[in-house]
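Down below is the structure, laid out as structure tokens.
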Amino acid sequence: MQQEHYLLGDVARELGRKPFQIVYMIVNGLVDEPKLRIGGKRIFSRADIENIRRAMDNKYGPKGVTK
Numbered sequence: 001m002q003q004e005h006y007l008l009g010d011v012a013r014e015l016g017r018k019p020f021q022i023v024y025m026i027v028n029g030l031v032d033e034p035k036l037r038i039g040g041k042r043i044f045s046r047a048d049i050e051n052i053r054r055a056m057d058n059k060y061g062p063k064g065v066t067k
């Protein structure tokens with residue numbers, strides 16, 4: 001069974017990125033802030049992760065591919 005909600009570290013691991021890169025994208029308006037926060041922590045949905053993946057690929061290129 002697949003999880004429905006993910007923390008920042010989970011998202012970073014899945015995307016093969018550093019957490020600060022994801023936070024940078026959110027703070028600078030390149031991706032939307034997740035709709036859910038619990039205890040001040042961002043809670044990401046599967047849709048949030050896919051949006052971040054697309055934005056990261058556009059900004060940095062696909063992970064594992066050199067420009």
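If you're matching positions, the sequence shown starts at 1 in the UniProt record's numbering and goes up one per residue. Every residue, glycine too, gets a C-beta built ideally from N, C-alpha and C.
Let me check understanding here. Comparing Cα to Cα, which of the options lies closest to residue i?
| i | options | result |
| --- | --- | --- |
| M56 | R37, Y24, P34, K41 | Y24 |
| L30 | Q21, E14, I43 | Q21 |
| Y60 | R17, R46, E50, K35 | R17 |
| D32 | G9, E4, R54, Q2 | R54 |
| P62 | L15, L8, P34, Q2 | L15 |
Return helix, strand or coil for residue i, following the three-state DSSP convention.
| i | result |
| --- | --- |
| K59 | helix |
Whole beta strand (DSSP E) elements within the UniProt domain "HTH merR-type" (7-54), 3-residue minimum: 36-38, 41-43
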